[in-house]
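This report refers to the structure that appears directly beneath it.
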Amino acid sequence: MLTDLPNAHISSINDLLRQLGFNGLVLQTEGDDGVTFLARRYFTLCRKSIDKLTRKLEVRAKIYLCFILDSEKDLQACAVNLGEDEYCVAIWLAAPMRTIATITHLMSTSAIAQHFEYALGTYTNRAEATASDTFAAYRALGFEAPVDFDEPLKTFCSQIAYGAIEWLVYHELGHIINGHLELGKEFNGLTFILEDDPSDERDENLTSQALELDADCFATWLLLQLWLQTPVSIEEIHLGISEADKQLLRLRCFVFGVFAIVRGFDDHPFDVDTMFDFDHPPGVIRINYMIELIANTKRENKFPYTAEKIVEAALDTVVALEQSISQATGTTGGGGNVLTALTLGWKPFNAPVLSRWAKLYPILDKFKMGIGKLAAPQYPPA
3 MLTDLPNAHI SSINDLLRQL GFNGLVLQTE GDDGVTFLAR RYFTLCRKSI DKLTRKLEVR
63 AKIYLCFILD SEKDLQACAV NLGEDEYCVA IWLAAPMRTI ATITHLMSTS AIAQHFEYAL
123 GTYTNRAEAT ASDTFAAYRA LGFEAPVDFD EPLKTFCSQI AYGAIEWLVY HELGHIINGH
183 LELGKEFNGL TFILEDDPSD ERDENLTSQA LELDADCFAT WLLLQLWLQT PVSIEEIHLG
243 ISEADKQLLR LRCFVFGVFA IVRGFDDHPF DVDTMFDFDH PPGVIRINYM IELIANTKRE
303 NKFPYTAEKI VEAALDTVVA LEQSISQATG TTGGGGNVLT ALTLGWKPFN APVLSRWAKL
363 YPILDKFKMG IGKLAAPQYP PA
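The sequence shown begins at 3 in our numbering and counts up one residue at a time.
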């Protein structure tokens, strides 16, 4: 099975894609090719994740799953309101394919091998390229053939790649379950996230960024707890390590996979003056925000950590990721983009976004699905 969408909804989404100028469609037809094999595999895995979460949170709405085959657009996923308590998580099929390829190339560098303490016969560290675009070079990794590993690294790589895709699915579920789509406007019968505020102070980008960060935190909060309890195959290389060290290893695996995806959202250097010119926060800002979330879970004893240096492990993984990107692409980004975001401070970004969150909170609280609560406002609404 490649989708569980009813035919009428498939037609609606295909029509919408055409009207929006996309050269894509919902993947339905099964064949004997590699694309079908991958789609079927990821449909099974993602469907299981959606069902598990909706049962846990007692969500009664029907949430479908589909993959979009698109020859042009470089997108990841989206959430769609189909009406009458029906929703869909739509994943661009290129997302898991490129994620797998990218992560294998990063794992074949010495930076990641050293970070996770495994050895390879050879590493694919590339010589430094001159006048190369780091962002374009990183995106291009996803179009290269995946690197093949022997066990247990082969399974380890699959675990990290699937964990990253699962985070993407949970992010879209966050939009659905936390009521974000109820703020939208309809176009061709399908709802998109837009703030419905006609005032001169309207700032749709700020609203959208607040919702994106809420969805990030939703996914990170739920999946980090799961990852801390789930063994990874590479643990068999590190025999005799303590439970605390296993926990740090699992945390680093989660951070590496998720941040490898989020890091690819950026296509230009981070600029404080233009960070609200887009409907999604810069990827490096999202990384910074999720590290702060991890720090809060430690400070407030919200997770049953047995390890102490949780935040340090997350930050060390960010450093290793940046080093591996340079090695895998042959470019010298040097981590400047991430460093700028990590040292930005609270006021320029967090204060306006959290103030907007406080404005949205009363509306979203009415539409929140299932058990659990939204993140409480920390600032006066604006």
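Idealized CB from N, CA, C, for every residue including glycine.
For this session: Within its chain, find whatever has a CB closer than 7 Å to the CB of L122; leave out the 5 residues flanking it on each side and keep chain order.
Result: Hits under 7 Å: S110, A115.
Exercise. What did DSSP end up calling L251 once you bin it into helix, strand or coil?
Worked result: helix
Problem set entry | Inter-stretch contact at 8 Å, needing at least 3 Cβ pairs: the stretch 362-371 / the stretch 43-52 | no
For this session: Indicate whether A343 and N298 have their beta-carbon atoms separated by less than 8 Å.
Result: Their beta carbons are not under 8 Å apart, which means A343 does not touch N298 by this criterion.
Exercise. Where does F145 land, buried or exposed, given buried means 16+ other C-beta within 10 angstroms?
Worked result: exposed
Exercise. In three-state terms, what does DSSP make of I373?
Worked result: coil
Exercise. Is the stretch 40-47 close to the stretch 55-65, with three or more CB pairs under 8 Å?
Worked result: no
For this session: Please list the segments of the beta strand (DSSP E) lying wholly inside the stretch 85-170, counting only runs of 3 or more residues, in order along the chain.
Result: 88-94
Problem set entry | Whether H177 touches A81 by CB criterion (8 Å) | yes
Exercise. Just how far apart, CA to CA, sit I179 and D34?
Worked result: Straight across, the Cα-Cα distance linking I179 with D34 is about 35 Å.
For this session: In angstroms with no decimal places, state the Cα-to-Cα distance between L192 and I15.
Result: Only weak support exists for where L192 lies, its pLDDT of 43 falling under 50; the coordinates are left without a value.
Problem set entry | Residue from L183, V340, S326, F256 with nearest C-alpha to A113 | S326
Problem set entry | Alpha-carbon to alpha-carbon, I105 and T331 | Taking the straight line joining both Cα atoms gives about 12 Å.
Exercise. What residue range is occupied by the uninterrupted alpha helix (DSSP H) comprising A217?
Worked result: 206-231
For this session: Report back the beta-carbon spacing between A79 and V91 to the nearest angstrom; my notes put them in contact at under 8 Å.
Result: 7 Å
Problem set entry | Between the CA atoms of L7 and K375 - distance to the nearest angstrom | 29 Å
Problem set entry | Alpha-carbon spacing of N303 relative to R100, whole angstroms | Cα to Cα, the separation comes out at about 36 Å.
Problem set entry | Length-filtered (3 minimum) beta strand (DSSP E) runs lying within the stretch 8-69 | 26-28
Exercise. Which two residues bound the contiguous beta strand (DSSP E) that contains V82?
Worked result: 79-83
Problem set entry | Coarse secondary structure for D279, derived from DSSP in three states | coil
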